[in-house]
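Protein chains in written order, with this note's numbering: chain A, 81 to 155; chain B, 4 to 243; chain C, 5 to 251; chain D, -17 to 195.
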């Protein structure tokens, strides 16, 4: 151990705040990257599952209706 | 099919690459001179940006002498960027670009011709205007001469590298801003050596070495950038 | 040979291999990283010149190392994309570009914070930090261009061209920034360039560099897997996988 | 059997995660006129651009005179005349200048010949007016003037009849037939009613056989 006490470890002779801020930001950003990647994975899976169910329920099998070009009269 | 089925007659006349390149340059020059305002815009922009510095920072001679080179170089760089958006845009919109890609010649040489035309239409006028602005910023005669020399070597590099960005952002929304974001980092070495060389000249140091280095940049850009530009052009057209 | 190449390039094959590798990468990476950082923070001796602020080195150097090598790796992948049109290479570039940008930011941030106790100012236009800043710009360019082009293949190929142009420029940028730096301020004190570092300092540094590389490997695999799931929607194996994950 | 000029085997194209067509075979023989048909969004323009070499996001083989096209790209391009949606006419230049710029890189011709070609598409008296002052149909005619002086055997024309009046349509139809009779080959898309003798139809279906597999 390079420090005599816990408080010495935390203050690091006045440089503590700089060192700790760096380490915190480092850990924070790496964690954020991991979490972000995770939420992206979940979002992709959710989307794929939705599309899959949509296809299995047969909605997509129907041919698109032919255009009629009839006028719409809003009430 | 019957035995007397028609046979195709292939085209037998070929045009040399040099003539094809010249045709590209000539068409660009000609259509630009039909729309002279577009030619003037980068120059006006150059002039106005330079004017902002004495107004915005300080008109003091000592400040202007010190910052003048940087101001002129940055302004030249920005007005080149501004004009690059048009490099392929009109050609893309009217289909000329498709016809260019379908020419029976190596595409990178045609890209080189486009870059050359762009430099003749924007880079060269900037170099010619620079001494006037140099005098207004109280630069010394020797510095102005070296400045023009660095611009003369540097602006073709800006056109060549910029052509890659213009090809990559072709047909994209907000292409102009995007182009700047992609290209500015690549312009930094030219800017550093352009201004650094003038600074060295102002201090009375020999600048031949630096100029040679900038010339090396130019050679590198001449040999590599057209290939990247051609590849980018094919990708962008393929996607349109 | 060619079939082998294609086999290694197949997303399905990669998905399986990555799945098997990832636990090892993560465990080993985090283990080394934690070991290196704890050692560096608490046990490595104080630097006689800079005091304790030098302990930032244990995260600054790994971040900076990785930030640069990720760009190089992307450049290699870009060549593969353009020449062989291998799907995995596109996936790699797309998956790691944001990670590279974050690492570059970390290197810049830690460098700036380090600067405060060392030079008394948050930012210094030192050659290293400036090149890092430009590297960050290059990352931004690649990310922005990638998201601006909607077609995936065209986007991958355009980004590949941009990255290759960037990688040719990196040595030129480095050289010119260093030259510019000597022009404006004669070199005084450089980050990380110490004549000799005792083993108590460089061993934890090495550990954290290795750890971060492995952790990056894990994250890259994970993100590439996600991309595969997104793009290979039509293939049967992805469908089955999605169905299985759902229940 | 004459050897086809251009041949595509097992062509597949996917765009924005949608398969436009797959397993498509195209063979364009000298003397043939092929019309690509299909509803909006079926990939007609994309197919034409792929065959012309403008779009390379496809899988499959494309052969020119029996050999891979990319091995002889310049020769292929020299023998191809492509006129797309956007015909490559600069609005600031005059018809004569446009035609000169387009032909100069392939086969330079005397101005008299170029003027004759412009006259042939009905642009007499407009040779030296900037194209932006011309109507859409007239601008189209500037591009079509290239066909009158073309020495390229393969013509790929996207939406060839757009903006043309009935007289222009008739003239163009005759020109296509004549080109085919002389051993040329034509590939067109059009929304006009076009039914030329011996015309081959290539039908692209909407969505085709995409989705499940």
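Note that beta-carbon positions come from the ideal geometry of N, C-alpha and C, so glycine has one too.
In the DSSP assignment, what residue or residues form a beta bridge with residue i?
i                      : result
residue 183 of chain D : D/17
residue 62 of chain B  : DSSP, once it has assigned bridges, lists no residue as partnering residue 62 of chain B.
residue 187 of chain B : Bridge partners of residue 187 of chain B: none, in fact.
residue 41 of chain D  : D/-6
residue 3 of chain D   : D/-5
residue -11 of chain D : D/9, D/45
residue 50 of chain D  : D/45
residue 137 of chain D : D/63, D/168
residue 55 of chain C  : C/51
In chain C, which residues lie with their C-beta within 8 Å of the C-beta of residue i?
i                      : result
residue 117 of chain A : 223, 226, 227, 230
residue 86 of chain A  : Near residue 86 of chain A there are no residues of chain C at all, since even the closest Cβ is about 10 Å away, more than 8 Å.
residue 39 of chain D  : 155, 157, 158
residue 109 of chain A : 106, 109, 110
residue 202 of chain B : 187
Give the interface partners of residue i over in chain C, defined as CB-CB distance under 9 Å, in chain order.
i                      : result
residue 104 of chain A : What residue 104 of chain A touches in chain C: nothing, since even the nearest Cβ is about 10 Å away.
residue 196 of chain B : 180, 183, 184
residue 239 of chain B : 153, 158, 162
residue 129 of chain A : 246, 247, 249, 250
What residues from chain B crowd round residue i, counting only those whose CB sits closer than 8 Å?
i                     : result
residue 14 of chain C : Simply none; closest approach about 24 Å.
Can you give the beta carbon distance from residue i to residue j, rounded, assuming they're within the 8 Å contact cut?
i                      : j                      : result
residue 15 of chain C  : residue 236 of chain C : 5 Å
residue 111 of chain B : residue 23 of chain B  : Not quite, the Cβ-Cβ distance comes to about 12 Å (not below 8 Å), so this is no contact.
residue 115 of chain A : residue 103 of chain C : Not really, about 13 Å apart at Cβ, beyond 8 Å.
residue 6 of chain D   : residue 18 of chain D  : With a Cβ gap of about 10 Å, residue 6 of chain D and residue 18 of chain D do not count as contacting.
residue 11 of chain D  : residue -16 of chain D : 6 Å
residue 235 of chain B : residue 87 of chain D  : Wrong, their Cβ atoms sit about 21 Å apart, outside the cutoff.
residue 137 of chain B : residue 193 of chain B : That pair is no contact at about 18 Å.
residue 160 of chain B : residue 220 of chain B : 6 Å
residue 107 of chain B : residue 59 of chain D  : 4 Å
Mind listing the chain B neighbours of residue i? Cutoff is C-beta to C-beta under 9 Å, in chain order.
i                      : result
residue 235 of chain C : In chain order: nothing, as chain B lies at least about 17 Å away.
residue 79 of chain D  : 30, 33, 34
residue 32 of chain C  : Chain B residues near residue 32 of chain C: none, gap ~35 Å exceeds 9 Å.
residue 64 of chain D  : 101, 102, 105
For residue i, return the contacting residues in chain A, with the cut-off set at a CB-CB distance below 8 Å.
i                     : result
residue 73 of chain C : Chain A residues near residue 73 of chain C: none, gap ~17 Å exceeds 8 Å.
Establish whether the CB of residue i and some CB of chain F are separated by less than 8 Å.
i                     : result
residue 27 of chain C : Among the protein chains in the structure shown, which are A, B, C and D, there is no chain F.
Could you work out which residues of chain C lie near residue i, taking near to mean beta carbons separated by less than 7 Å?
i                      : result
residue 134 of chain A : By Cβ distance, chain C contributes nothing, its closest Cβ being about 12 Å from residue 134 of chain A, past 7 Å.
residue 188 of chain B : 138, 141, 142, 145
residue 125 of chain A : 233, 246, 249
residue 95 of chain A  : 55, 56, 57, 121
Quick one: which chain D residues come within Cβ less than 9 Å of residue i?
i                      : result
residue 154 of chain C : -2
Against residue i, what residues of chain D qualify as contacts under a CB-to-CB distance less than 8 Å, listed in chain order?
i                      : result
residue 127 of chain B : In chain order: nothing, as chain D lies at least about 21 Å away.
Residues of chain B with a CB under 7 Å from the CB of residue i: which are they?
i                      : result
residue 301 of chain C : Since the displayed chain C opens at 5 and closes at 251, residue 301 of chain C lies outside it and no answer follows.
residue 101 of chain C : Going along chain B, no residue has its Cβ under 7 Å from residue 101 of chain C, so there is no contact; the nearest lies around 14 Å.
residue 142 of chain D : Chain B residues near residue 142 of chain D: none, gap ~14 Å exceeds 7 Å.
Strictly below 9 Å CB to CB, what residues from chain A border residue i?
i                     : result
residue 69 of chain C : Under the 9 Å cutoff, chain A gives no residues; its nearest Cβ is about 14 Å from residue 69 of chain C.
How would you list, in chain order, the residues of chain A whose beta-carbon sits under 7 Å from the beta-carbon of residue i?
i                      : result
residue 117 of chain C : 98, 101, 102
Against chain B: residues of the region 123 to 150 of chain C by CB proximity under 7 Å: 138, 141, 142, 144, 145, 148, 149
Inter-stretch contact at 8 Å, needing at least 3 Cβ pairs: the region 53 to 63 of chain C / the region 107 to 118 of chain C: yes
Given 8 Å, three or more beta-carbon pairs between the region 111 to 131 of chain D and the region 73 to 82 of chain D: yes
Interface residues of the region 82 to 99 of chain C facing chain D [CB-CB below 7 Å]: So the list is empty, because no residue satisfies the distance condition.
The region 7 to 30 of chain D: positions lying closer than 8 Å to chain B by Cβ: 11, 12, 13
Members of the region 149 to 164 of chain B that neighbour chain C once the beta carbon cut-off is set at 7 Å: none
Contact residues within the region 37 to 62 of chain C, judged by C-beta distance below 8 Å to chain A: Here the close residues are 41, 45, 46, 47, 48, 49, 50, 55, 56, 57, 59, 60.
Given 8 Å, three or more beta-carbon pairs between the region 65 to 73 of chain D and the region 94 to 113 of chain D: yes
Stretch-stretch touch, CB-based, cutoff 8 Å, three pairs: the region 148 to 166 of chain C with the region 84 to 104 of chain C: yes
Positions along the region 119 to 135 of chain D whose CB lies within less than 9 Å of some CB in chain C: none
Sufficient close CB pairs (3 or more, under 8 Å) joining the region 100 to 109 of chain D to the region 135 to 144 of chain D: The region 100 to 109 of chain D makes no contact with the region 135 to 144 of chain D, as fewer than three CB pairs between them are under 8 Å.
At least 3 beta-carbon pairs within less than 8 Å: the region 158 to 177 of chain B vs the region 45 to 57 of chain B: no
Interfacial residues, the region 148 to 179 of chain D to chain B, with Cβ spacing under 8 Å: Taking 8 Å as the cut-off between beta carbons, the residues of the region 148 to 179 of chain D near chain B are 162, 163, 164, 165, 166, 167, in sequence order.
Positions along the region 67 to 99 of chain D whose CB lies within less than 8 Å of some CB in chain B: 67, 68, 69, 70, 71, 72, 73, 74, 75, 79, 83, 84, 86, 87, 88, 89, 90
Cβ pair count under 8 Å reaching 3, the region 72 to 79 of chain C against the region 168 to 178 of chain C: yes
Contact set between the region 40 to 63 of chain D and chain B, restricted to residues whose Cβ is under 9 Å from the partner: 47, 55, 56, 57, 58, 59, 60, 61, 62, 63
Validate contact between the region 85 to 93 of chain D and the region 36 to 49 of chain D using beta carbons, cut 8 Å, 3 pairs: no
At least three beta-carbon pairs within less than 8 Å, the region 150 to 158 of chain D to the region -11 to 0 of chain D: no
Given 8 Å, three or more beta-carbon pairs between the region 117 to 136 of chain A and the region 219 to 237 of chain C: Taking a cut-off of 8 Å on C-beta distances, the region 117 to 136 of chain A touches the region 219 to 237 of chain C, as three or more cross pairs fall below it.
The region 202 to 211 of chain C touching the region 23 to 43 of chain C, judged by at least three CB pairs closer than 8 Å: yes
The region 46 to 64 of chain D touching the region 127 to 137 of chain A, judged by at least three CB pairs closer than 8 Å: no
Cβ contact (3+ pairs, closer than 8 Å) linking the region 111 to 120 of chain B and the region 161 to 169 of chain B: yes
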